[in-house]
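Undergrad: Dropping the structure in here first, questions after.
There are 2 protein chains.
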Amino acid sequence: MSATTKDVARLAEVSMATVSRYVNGYALTEQNRIKIEHAIDELDFRINPIAKTLRTNRSMTVAVLVPSLANIFSMTIIESIERHLDAHDYSIIVCDSRNEVTREKAKLEFVRDKYVDGIILMPTGNTGGHVAEVLGESIPVVLVDRLVSELVADAVVVDNTSAVYHAVEQLIVQGHRLIGIIAGPVPLYTAEERLEGYRRVMQDYGLPVEDDLVQYGDYTRDTGCSLMKRFMLQERPPTAVFVSNYEMTIGAIERLNELDVAVPSQLSVIGFDHLDLSSVVRPRLAVVAQPREEIGRKAAELLRTRMNGDKTGFPSLVRLKTQFMPGASITTPSSR
Amino acid sequence: MSATTKDVARLAEVSMATVSRYVNGYALTEQNRIKIEHAIDELDFRINPIAKTLRTNRSMTVAVLVPSLANIFSMTIIESIERHLDAHDYSIIVCDSRNEVTREKAKLEFVRDKYVDGIILMPTGNTGGHVAEVLGESIPVVLVDRLVSELVADAVVVDNTSAVYHAVEQLIVQGHRLIGIIAGPVPLYTAEERLEGYRRVMQDYGLPVEDDLVQYGDYTRDTGCSLMKRFMLQERPPTAVFVSNYEMTIGAIERLNELDVAVPSQLSVIGFDHLDLSSVVRPRLAVVAQPREEIGRKAAELLRTRMNGDKTGFPSLVRLKTQFMPGASITTPSSR
DNA sequence: TTGTATGCGTTATCAG
DNA sequence: CTGATAACGCATACAA
Numbered sequence: 001m002s003a004t005t006k007d008v009a010r011l012a013e014v015s016m017a018t019v020s021r022y023v024n025g026y027a028l029t030e031q032n033r034i035k036i037e038h039a040i041d042e043l044d045f046r047i048n049p050i051a052k053t054l055r056t057n058r059s060m061t062v063a064v065l066v067p068s069l070a071n072i073f074s075m076t077i078i079e080s081i082e083r084h085l086d087a088h089d090y091s092i093i094v095c096d097s098r099n100e101v102t103r104e105k106a107k108l109e110f111v112r113d114k115y116v117d118g119i120i121l122m123p124t125g126n127t128g129g130h131v132a133e134v135l136g137e138s139i140p141v142v143l144v145d146r147l148v149s150e151l152v153a154d155a156v157v158v159d160n161t162s163a164v165y166h167a168v169e170q171l172i173v174q175g176h177r178l179i180g181i182i183a184g185p186v187p188l189y190t191a192e193e194r195l196e197g198y199r200r201v202m203q204d205y206g207l208p209v210e211d212d213l214v215q216y217g218d219y220t221r222d223t224g225c226s227l228m229k230r231f232m233l234q235e236r237p238p239t240a241v242f243v244s245n246y247e248m249t250i251g252a253i254e255r256l257n258e259l260d261v262a263v264p265s266q267l268s269v270i271g272f273d274h275l276d277l278s279s280v281v282r283p284r285l286a287v288v289a290q291p292r293e294e295i296g297r298k299a300a301e302l303l304r305t306r307m308n309g310d311k312t313g314f315p316s317l318v319r320l321k322t323q324f325m326p327g328a329s330i331t332t333p334s335s336r
Numbered sequence: 337m338s339a340t341t342k343d344v345a346r347l348a349e350v351s352m353a354t355v356s357r358y359v360n361g362y363a364l365t366e367q368n369r370i371k372i373e374h375a376i377d378e379l380d381f382r383i384n385p386i387a388k389t390l391r392t393n394r395s396m397t398v399a400v401l402v403p404s405l406a407n408i409f410s411m412t413i414i415e416s417i418e419r420h421l422d423a424h425d426y427s428i429i430v431c432d433s434r435n436e437v438t439r440e441k442a443k444l445e446f447v448r449d450k451y452v453d454g455i456i457l458m459p460t461g462n463t464g465g466h467v468a469e470v471l472g473e474s475i476p477v478v479l480v481d482r483l484v485s486e487l488v489a490d491a492v493v494v495d496n497t498s499a500v501y502h503a504v505e506q507l508i509v510q511g512h513r514l515i516g517i518i519a520g521p522v523p524l525y526t527a528e529e530r531l532e533g534y535r536r537v538m539q540d541y542g543l544p545v546e547d548d549l550v551q552y553g554d555y556t557r558d559t560g561c562s563l564m565k566r567f568m569l570q571e572r573p574p575t576a577v578f579v580s581n582y583e584m585t586i587g588a589i590e591r592l593n594e595l596d597v598a599v600p601s602q603l604s605v606i607g608f609d610h611l612d613l614s615s616v617v618r619p620r621l622a623v624v625a626q627p628r629e630e631i632g633r634k635a636a637e638l639l640r641t642r643m644n645g646d647k648t649g650f651p652s653l654v655r656l657k658t659q660f661m662p663g664a665s666i667t668t669p670s671s672r
């Protein structure tokens, strides 16, 4: 089909080894260089990456493994990773673990067998024993978004706790005392951290956290929907609610619309992550915004240093700052 | 590092060829089968896909190439493709052409050199000469979302024209006569088809399409924003607007919120594609919904038949039906 | 600097 | 049904 090293060698009247050296940037005589360049041009020769990988155990590709593809948070990060790595001649292969640890493990085996040079993993569970089990020490891994137990690895996460602390604090200083949270599926890392931020700020301001005020969802739109409804049906509903991820924010807003709850006069709301959304919702939704591009970039950079053999400061934990984006979905609580 | 066929052969006291036959499902004596199974288990042997690919020219992977990753439309389709293909033991490698034909071509070369068995391509431009140029007849390609000139290939698209026809028809029967459209970047395939639907229904109902009523955007949020503003600033603004893709719909809504335009009393609006959005916007936005899962599934199925060597009906064009989702963003025009 | 020869892990061919 | 061996395309140790 396509021309091989041997073909080029024959046409250029040199050995395969010389062609290989040319391709890999070693020095050779002007004369040979020219002959080889001509032959390569003539035959439209391109190196066969599969053969090269088999021989060298390197593939110049990295795998990105996420719990779900159809998710704007994952995808923005993936795009950012791709952009950065592409600039350094790495290609990426994207995998979806569909929120199943079993599948995550299978995908890890798959990419390991494909000789990927590195892996960026957004873990699906809160444990990571299987990662080391599959990979050993052979392939560098960088975690994004969440940390997991039973695995020491480099990671890039955000300041979930303080993000939520400051967001909820906005509500408190406006005078809210009954502040609800639609929390995530504890003990998931981000869920736990975000809930912790809520608990801390409530405690610091001397506000009691009754059980009613903490509703546990599973980061899906459906639970955002149903839990917001549950809040509104309480005999004494909160005057403000913080929702701790994007999908649940969508569900919560949807339900508020259906129930004709007036935001913010009847209920103040803060959502999580995703700016598109906040400008489309009326009134503009206040949200905690995550630095998605930066997460991807930092993860890619960190992985690249590891792939270059630089183990400085391992395991390094990069914690990025979120940003609170004010909106008209917050006001002082209505006097009751 | 990891055990090879040779290791298994040695431990099982058979030849490498026999091990290979076992792995590939050929018949062999019960005795050998058992010995090999034991050895494989003992050594934790897994086939090396790279070596296998080099030898067989097949990789059991397909490439999915899209103009942009961070885009919920692309991603849902990709997820659907992955799901379907994964069930048939194919893996997918996802690539991003970043809306550049040059990059699209480079990525095609990349995956071709990786011996992918098939490609699902959402083209970035409206021409596809480079595709055949890169791939020749060697690798089956299925187009999704758009058709391109200079390339005969299987494709899965939606009924853009009739989708828009019926959507705009809803506005007409409600009594609107001044109906604007925020169109896409003609001559892009979907942009052209959608605009055509608008033109036809206007014509069929005897409504004049003045230049003012057709604004051309480039499928980005920004143009949705600015073009909606332009509509509202016209001395005689339309009483209804159809927006022809998701990103521009976001921008349009955003601007309407800023301008405090009352929907639907002051302006009726129909958006495109994306159900999350419609339920979050208030009042609920009427939209044209695309069958994203089905697009992915059909594309995967079609590609699979081609990869199995079945060329029946080539090139086959699958055209899927969109669905009009009613919403409260439409009403009769205010009398003026 | 260059060429020769070997091996990466697999499958295919061809005798047996 | 099984075994020995060549070949896929490339990189590298070694000798020249």
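Heads up: the sequence lines are chains A and B, in that order.
The letter at position 4 of the first sequence is residue 4 when you use our numbering, and the numbering goes up by one with no holes.
To convert, take the position in the second sequence, counting from 1, and add 336; that gives our numbering.
In this text, a Cβ means the ideal position worked out from N, Cα and C, and glycines have one as well.
#1: Among B:V605, B:G560, B:L507 and B:R620, which one has its Cα closest to the Cα of B:R591?
#2: How would you write the range of the beta strand (DSSP E) that A:V337 sits in, first residue to last?
#3: Alpha carbon to alpha carbon, what distance is there between A:T61 and A:H84?
#4: Give every residue of the same chain whose Cβ lies closer than 6 Å to the Cβ of B:G516, excluding the five residues on either side of it in the sequence, and list them in chain order.
#5: Between the Cα of A:N99 and those of A:V66, A:D159 and A:R319, spot the shortest distance and give me the residue it belongs to.
#6: Does DSSP put A:T312 in a helix, a strand or coil?
#7: Relative to the alpha-carbon of A:I270, which residue among A:D117, A:E37, A:Y246 and A:I72 has its alpha-carbon at the smallest distance?
#8: Specify, as a first and last residue, the run of the alpha helix (DSSP H) that A:A17 falls within.
#9: Check each residue of the segment 604-617 of chain B: if its Cβ is closer than 9 Å to any Cβ of chain A, include it; give the result in chain order.
#10: Please list, in chain order, the residues of the segment 215-248 of chain A that have any C-beta partner in chain B closer than 7 Å.
#11: Going by C-alpha distance, which of A:E104, A:E133 and A:V111 is nearest B:I386?
#12: What is the DSSP secondary structure of A:G251, counted as helix, strand or coil?
#13: Assuming A:P291 contacts A:S329 under a Cβ cut-off of 8 Å, what Cβ separation, rounded to an integer in Å, is found between them?
#14: Report yes if the CB atom of B:S416 is closer than 8 Å to the CB atom of B:V500, and no otherwise.
#15: Measure the alpha-carbon distance for B:S485 versus B:V493 and round it to whole angstroms.
#16: For B:I508, tell me which candidate among B:K657, B:Y541 and B:T497 has the shortest Cα-Cα distance.
#17: Would you list the one or two residues that DSSP bridges to A:Y390?
#18: Find the nearest neighbour of A:D166 within the set A:V287, A:E293, A:A70 and A:L277, judged by alpha-carbon distance.
#19: Between B:E418 and chain A, is any beta-carbon pair separated by less than 8 Å?
#20: Going by CA-CA distance only, name the one from B:G511, B:L514, B:Q510 and B:D495 that's closest to B:E532.
#21: Using CA coordinates, which residue listed in A:E293, A:G128 and A:R21 is at the minimum distance from A:T102?
#22: Which bits of chain A does B:P385 rub up against, with CB to CB less than 7 Å?
#23: Alpha carbon to alpha carbon, how far is A:F272 from B:M661?
#24: Are the Cβ atoms of B:L639 and B:I408 separated by less than 8 Å?
#25: Measuring alpha carbon to alpha carbon, tell me which of B:V617, B:P544, B:L483 and B:R535 ends up nearest B:L524.
#26: With DSSP run on the structure shown, which of helix, strand or coil describes B:V617?
#27: Which residues bound the beta strand (DSSP E) around A:Y216?
#28: Quick one: does A:V94 have its CB under 8 Å from some CB of chain B?
#29: Along chain A, which residues have their Cβ under 7 Å away from the Cβ of B:I589?
#30: Does DSSP classify B:R369 as helix, strand or coil?
#31: Roughly how many angstroms lie between the CA atoms of B:K342 and A:I47, to the nearest whole one?
#32: Can you list, in chain order, the residues of its chain with a C-beta nearer than 8 Å to that of A:V186? Leave out the 5 residues immediately preceding and following it.
#33: Would you mind listing the beta strand (DSSP E) stretches within the segment 445-484 of chain B that are 3+ residues and don't spill past its ends, in chain order?
#34: Kindly list the residues whose CB is nearer than 6 Å to the CB of A:T76, restricted to its own chain and excluding five residues on each side of it in sequence; keep chain order.
#35: Let's see if you can read the secondary structure: which residues bound the alpha helix (DSSP H) around B:Q506?
#36: When DSSP labels each residue in this structure, what does A:S334 get in the three-state scheme?
TA: Quick answer:
#1: Within the second sequence, residue 591 of chain B is the residue found at index 255, counting from 1. Comparing Cα-Cα distances from B:R591 to each of B:V605, B:G560, B:L507 and B:R620, the minimum goes to B:G560.
#2: This structure cannot settle anything about residue 337 of chain A, because the visible part of chain A is limited to 1 through 336.
#3: As a working note, residue 84 of chain A is residue 84 in the first sequence. As a working note, residue 61 of chain A is residue 61 in the first sequence. In a straight line, the C-alpha of A:H84 is about 13 Å away from that of A:T61.
#4: Walking along the second sequence from the start, residue 516 of chain B turns up at place 180. So the qualifying residues of the chain are L549, F567, P574 and V577.
#5: Start at 1 with the first residue of the first sequence, and residue 99 of chain A comes out as number 99. The option with the nearest alpha carbon to A:N99 is A:V66.
#6: Position 312 of the first sequence holds residue 312 of chain A. Residue state for A:T312 is assigned as coil, using DSSP reduced to three classes.
#7: One-based indexing of the first sequence puts residue 270 of chain A at position 270. Minimum Cα distance to A:I270 is reached at A:Y246.
#8: As a first step, residue 17 of chain A is located in the first sequence; it is residue number 17 there, counting from the start. Counting along the chain, the alpha helix (DSSP H) containing A:A17 begins and ends at M16 to V23.
#9: The residues in question are D612, L613, S615, V616 and V617.
#10: none
#11: Residue mapping note: residue 386 of chain B aligns to position 50 of the second sequence, counting from 1. Checked all of A:E104, A:E133 and A:V111; the closest Cα to B:I386 is A:V111.
#12: As a first step, residue 251 of chain A is located in the first sequence; it is residue number 251 there, counting from the start. A:G251: helix per DSSP, three-state reduction.
#13: As a position in the first sequence, residue 291 of chain A is number 291, starting the count at 1. As a position in the first sequence, residue 329 of chain A is number 329, starting the count at 1. At roughly 22 Å, the Cβ-Cβ gap does not stay under 8 Å, so A:P291 and A:S329 are not in contact.
#14: For the purposes of this step, residue 416 of chain B is taken as residue 80 along the second sequence, with counting starting at 1. For the purposes of this step, residue 500 of chain B is taken as residue 164 along the second sequence, with counting starting at 1. Cβ distance not < 8 Å, so B:S416 and B:V500 don't count as in contact.
#15: For the purposes of this step, residue 485 of chain B is identified with residue 149 of the second sequence, where counting begins at 1. For the purposes of this step, residue 493 of chain B is identified with residue 157 of the second sequence, where counting begins at 1. Rounded to the nearest angstrom, the two C-alpha atoms are 15 Å apart.
#16: As a first step, residue 508 of chain B is located in the second sequence; it is residue number 172 there, counting from the start. B:Y541 is the residue among B:K657, B:Y541 and B:T497 whose C-alpha sits nearest the C-alpha of B:I508.
#17: Any question about residue 390 of chain A goes unanswered here, given that chain A covers just 1 to 336.
#18: Position 166 of the first sequence, counted from the start, is the residue given in the question as residue 166 of chain A. In the sequence on display, residue 166 of chain A carries His and not Asp. Among A:V287, A:E293, A:A70 and A:L277, the Cα nearest to that of A:H166 is on A:V287.
#19: Here the question's residue 418 of chain B lines up with position 82 in the second sequence. Closer than 8 Å: yes.
#20: In the second sequence, the residue the question calls residue 532 of chain B occupies position 196. Nearest C-alpha to B:E532: B:D495.
#21: Indexing the first sequence from 1 puts residue 102 of chain A at position 102. Looking at the Cα atoms, A:G128 is the closest of the given residues.
#22: Translated into positions along the second sequence, residue 385 of chain B becomes position 49. Simply D113 and K114.
#23: On the first sequence, position 272 is the one that residue 272 of chain A refers to. On the second sequence, position 325 is the one that residue 661 of chain B refers to. One C-alpha to the other measures close to 27 Å.
#24: Counting from one through the second sequence, the residue named residue 639 of chain B turns up at place 303. Counting from one through the second sequence, the residue named residue 408 of chain B turns up at place 72. Contact flag unset, no.
#25: As a first step, residue 524 of chain B must be located in the second sequence, where it is residue number 188. When only C-alpha atoms are compared, the closest one is B:L483.
#26: If you number the second sequence from 1, residue 617 of chain B lands on position 281. Note: B:V617 maps to coil in three-state DSSP.
#27: Position 216 of the first sequence, counted from the first residue, corresponds to residue 216 of chain A. Residues V214 to Y216.
#28: Taking the first sequence and counting its residues from 1, one reaches residue 94 of chain A at position 94. Closer than 8 Å: yes.
#29: Here the question's residue 589 of chain B lines up with position 253 in the second sequence. Under the 7 Å cutoff, chain A gives V280.
#30: Taking the second sequence and counting its residues from 1, the one referred to as residue 369 of chain B is at position 33. Reduced to three states, the DSSP call for B:R369 is helix.
#31: Walking along the second sequence from the start, residue 342 of chain B turns up at place 6. Walking along the first sequence from the start, residue 47 of chain A turns up at place 47. Looking at the two C-alpha atoms, the distance is approximately 28 Å.
#32: For the purposes of this step, residue 186 of chain A is taken as residue 186 along the first sequence, with counting starting at 1. The residues are E192, L195 and Y216.
#33: For the segment 445-484 of chain B, the full-length beta strand (DSSP E) segments reaching 3 residues or more read 454-457 and 477-480 along the chain.
#34: Sequence index remark: in the first sequence, residue 76 of chain A carries index 76 (1-based). Counting only Cβ-Cβ distances below 6 Å, and skipping sequence neighbours, we find R292.
#35: Numbered from its first residue, the second sequence carries residue 506 of chain B at position 170. Its alpha helix (DSSP H) spans residues N496 to V509.
#36: Along the first sequence, read from residue 1 onward, the residue named residue 334 of chain A stands at position 334. Note: A:S334 maps to coil in three-state DSSP.
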